[in-house]
Every structure is written in structure tokens, then in C-alpha cells.
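Working notes, structure below.
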Amino acid sequence: MPPVFYNTLTRTKEEFVPIEPGKVRMYTCGPTVWDYAHIGNYRTFIFEDVLRRYLKYKGYQVTQVMNLTDIDDKIIAGVQREKMSLADFTAKYKKLFFEDLDSLKIQRAEVYPEATAHIPEMVELVKKLSEKKHAYVSDGSIYFKISTFPEYGRLSNVNLSGLKAGARVAADEYEKEEVSDFALWKGWDEKDGEVFWETEIGKGRPGWHIECSAMSMKYLGQHFDIHTGGVDNIFPHHENEIAQSQAATGQKFVNYWLHSAHLLVEGKKMAKSYGNFYTLRDLLNQGWNPTVIRYLLIGTHYRQQLNFTFEGLEASKNALQRLYDLMDELRDVQRISGKNPEVEKIVQQAQARFEESLDDDLNISGALAGVFDMVRDINKLLRENLISKADALTVLEFLCKIDAVLGVLKKPEVQLEDKAEELIRKRDQARAEKKWQLADQIRHQLSEMGIILEDTPSGTKWKKTI
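Per the numbering used here, the very first residue in the sequence shown carries number 804; after that it's consecutive.
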């Protein structure tokens, strides 16, 4: 069955029907490359990654475009603060962003258009809006006249009753109470320094909103399937994208709008002033495994606020360890003959629940609950020695299949340090000599290094915790 998604535009769940059967064209608002991206940003990027992965799991051919905003008010301030060129300043943060994507196993989009590489497309779009009387010039800048677009406010449910004729806002980001005509093209002034373009519509730079309209329509067409972002993008950014795009083309811009809720930290809004602001690098520097961070960020439904806590990270670590332990045990199954029909039944039930849950607006909680019900049932059969190698393969193949969506089950190969290998040899010798107290002391020492030992009839096995 086709998936169902909550469409912010209609405020209802709708069955997903792509414009072109079997193909999905999807635009995701990417980072503004002026600083390290924080974990709230990555909550949204990981939701979009799961959406992309699940659509591919369902058999769709996905074309995803994620923009890189490399020109805006904050970037200009950073360029002037650091006394760097625009290109050099943004190159640093673009590089760090892609490194973070790889750490979190976020699949690469097909296209990452940079705003500064698409100025001609933006100029043409502004010209078209001017020709159609949706734009006007004021003090050297060009503004979109929202009174010419009757559908303005439909996405964000903004109240236009207080709109004052001629009221304008030049900033890229503002509140609903400040709804006004917004800047399509910002005329140069001294505070912009060396950041400007000489164009036929004047000397200046694009507004933030026109960037995404121009780039999304260049790579996905004037009408495409899905547009995503965080709830903070709904107004003004996405509302303005719809207005300028549909005013320019005369047709519907996007069919489905999906937005992820905010990330909180310990129940509070994340802010540097609260001392609870974390970038991905902050957590990695504390020793947290990026896969544990990914698991935490996918574990709450995307439309619910995610409360980030270090207890939650620890719980995510433990949940992943349960999955890794099961996979290790399944790979070690020795029983060769026979096939237990109960295993096939358990796996089928888990797969059905996984797919039914994700078909329902990416209900990840239900999907993971089905997986861990399977873990419990398979562990019980393992303890009773009722799993054969063929059964183990059935379970492992299922876990591999769903990991195409989850992206958390491929752990890197771990090599023991020389010190750990030496301690394991010393412990084996101590056990052979029945020096049990020494053997326990070494086990404890290894445990503190993150290495867990298991004594089996065939010898001592070890695993490293994540």
C-alpha cells in the first residue's frame, strides 16, 4: 500500500501519490553555512533521510535536492567578523557539514545547489515577478507584494487582517506578527561590504526565500512532489516560497509539505544562553558514537518534539547494543540442520508492523516496537537452542533489509589494542591456573575499557561496547 503523510498545507494525513508514477522529486531545506550545524538541525536532516530511505525501500526512484545557503545576513556578518572572502568563509562550513552527514550516515542527496552559483536563475525569477506586477522597487531593493497573492498565509495560517499597505520587511527571518511585503532582492549598502552582484535588476544580493524557489524549480521543475524542513521554516520561509513560486508560474508549487518539530534539550529550548547548545562535534568530542546519536534522533516521531537528554543517549546506546548482541549471537549459531517455522512467523510479523507503521506518516515508534518484539522472541528461541543457521540467516536478512531505512546496524570492525589483547591472554592463563580472583580483576579492568568478555566451551569471546 502507498504511504500516508501529514501534509502541513492541508493539515490532514494524505495518501502519497507522486506526480510521475514510481518517481519522487523532493526538496529539502539545507544548512546556512555560517557555523557548525547543531543537533536540532540534524534532527530535521535525519527525519528527511529516513523519509528518503523509506521511499526508496518502497521502490520509488527518489531525486532529492538539498540547497546550501551560502549567502545571507548571518554569513555576511561572519565574513566581516573573520575578515575572509565569502567563498573561503563558507567553504569551511560546507566541508564540515558533509563530514557530519557521513558521521550520521545521512545519505547524500542527488544535488546540493549553492545559492551563489544560481544568481542568474534568481534574477530571472525576480524579473518574472516584476513583469507580472507581483513585485516593486523601494530604496533600491525589490519586494514581493503579498496583497497580489490571495492564497498567502494558507500554509502557516497567518492572520493578514493587520497587514498594513506598503509595510516591508528586509530581514530574512521574522515573526508572524511582522508579516509584510518581503525582500526578493536586497539592494547593496555599505554594511554588505564586498558581498554583492552587479545584475540587470541592480547591485545587490538575493533574499533568502527567492534562493530556494529558483533552485528547487531549476532541478525539480515548477511542480514537484515533496518539500520538507523544520517547523520554524513554515513561516516565513516556506510561505514566501509558495507565494513567489506560484505567482511566477501560475501553477501549484508542491503537493506535500512535511515539517519536523523542534528539538528540546532537557525540556528546554536549546540556546547558547541556556548553556544547553550542542553541535554534533560537541557530542563526538565527549566520546558519543555518531550511530547512537542517529538512533536517538530517529527514535521520536518527526512531528513530536524530541527531548534530547544524556539519559536518552544512554538508552539509545543500550538499545543498539541489544540489536548488535543479537546479530553477533545469530552469526555464531552452530546448529546446522532444521528450520523452525516459528522464526519465519516472528520475522513476518515484525516486517508487517515495521512497514504498516512507517506507511502511517513515518510512525517510527511503532516500527521500532515491532523490531524489539522480534528481538525478545528470537532471544528466547536462542536460549532454548531452537535456532538453526538457516533461521539465523532469515533474521539477519530481515535486519539488513530494515537497516536500509534505519541506517544504524552496520557497526565498523573493531580491532583490539595490544594492551587489551595482552590482558585477555593473561586472564586466560589465570583461569587455566585457577587464579579466579586475578581473572575477575582483569575482567573488570577490560570492562572499564569497554570490552565485555564471555566464557564459552569453545573459549573466551570478546565484544567492544558502542
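Cβ coordinates follow ideal geometry from the N, Cα and C atoms, glycine included.
| task | May I ask you to list the residues that DSSP assigns as paired with residue 1001? | result | 1006
| request: Classify residue 936 as buried or exposed, calling it buried when 16 or more other Cβ atoms lie within 10 Å of its own Cβ. | output: exposed
| message | Runs of 4 residues minimum, wholly inside the region 832 to 911: which ones carry the alpha helix (DSSP H) assignment? | response | 842 to 860, 876 to 885 and 889 to 906
| message | To the nearest angstrom, how far is the alpha carbon of residue 958 from that of residue 813? | response | 8 angstroms
| query | Are residue 1143 and residue 1076 touching if we call contact CB-CB under 8 angstroms? | reply | no
| query | Cβ of residue 804 less than 8 angstroms from any chain C Cβ? | reply | Absent from the structure: chain C. Only one protein chain is present.
| said: Would you say the beta carbon of residue 874 is closer than 7 angstroms to some non-hydrogen atom of the ligand HEM? | reply: This structure simply doesn't include the ligand HEM, nor any ligand for that matter.
| said: Checking the sheet assignment: what are the DSSP bridge partners for residue 1066? | reply: 1109
| task | Could you spell out where the beta strand (DSSP E) holding residue 1033 opens and where it closes? | result | 1027 to 1033
| said: For residue 1163, list the residues DSSP reports as bridge partners. | reply: 807
| query | What is the DSSP secondary structure of residue 1076, reduced to helix, strand or coil? | reply | helix
| task | Determine which residues share a DSSP beta bridge with residue 971 and list them. | result | 984
| message | I'd like to know whether the C-beta atoms of residue 872 and residue 834 end up nearer to each other than 8 angstroms. | response | yes
| Are the beta-carbon atoms belonging to residue 858 and residue 836 less than 8 angstroms from one another? | no
| said: Report the CB separation of residue 1169 from residue 1156 in whole angstroms; it is logged as a contact under 8 angstroms. | reply: 7 angstroms
| What is the DSSP secondary structure of residue 1088, counted as helix, strand or coil? | helix
| query | What's the C-alpha gap between residue 1200 and residue 1174? | reply | 13 angstroms
| request: Tell me whether residue 1061 sits in a helix, a strand or coil according to DSSP, three-state version. | output: strand
| query | In terms of DSSP beta bridges, what is residue 1011 paired with? | reply | Note: residue 1011 sits in no beta bridge, so no partner.
| From 1106, 1070, 1186 and 1159, residue whose alpha carbon lies closest to that of residue 851 | 1106
| task | Can you tell me which of the three DSSP states residue 1147 falls into? | result | helix
| request: Just confirm the distance between the C-beta atoms of residue 1056 and residue 1048, as a whole number of angstroms; I'd bet it's less than 8 angstroms. | output: 4 angstroms
| Coarse secondary structure for residue 829, derived from DSSP in three states | strand
| request: Tell me, to the nearest whole angstrom, how far the beta carbon of residue 887 is from that of residue 855; I am working on the premise that it is less than 8 angstroms. | output: Contact doesn't hold; Cβ gap of about 33 angstroms is too wide.
| For residue 1263, the three-state DSSP class (helix, strand or coil) | strand
| request: Indicate the three-state DSSP secondary structure (helix, strand or coil) for residue 1103 in the structure shown. | output: coil
| task | Taking only the alpha-carbon atoms, compute the straight-line gap between residue 1050 and residue 874 and give it to the nearest angstrom. | result | 24 angstroms
| query | In chain order, what residues of the same chain have a beta carbon less than 7 angstroms from the beta carbon of residue 1189, not counting five sequence neighbours either side? | reply | 1143
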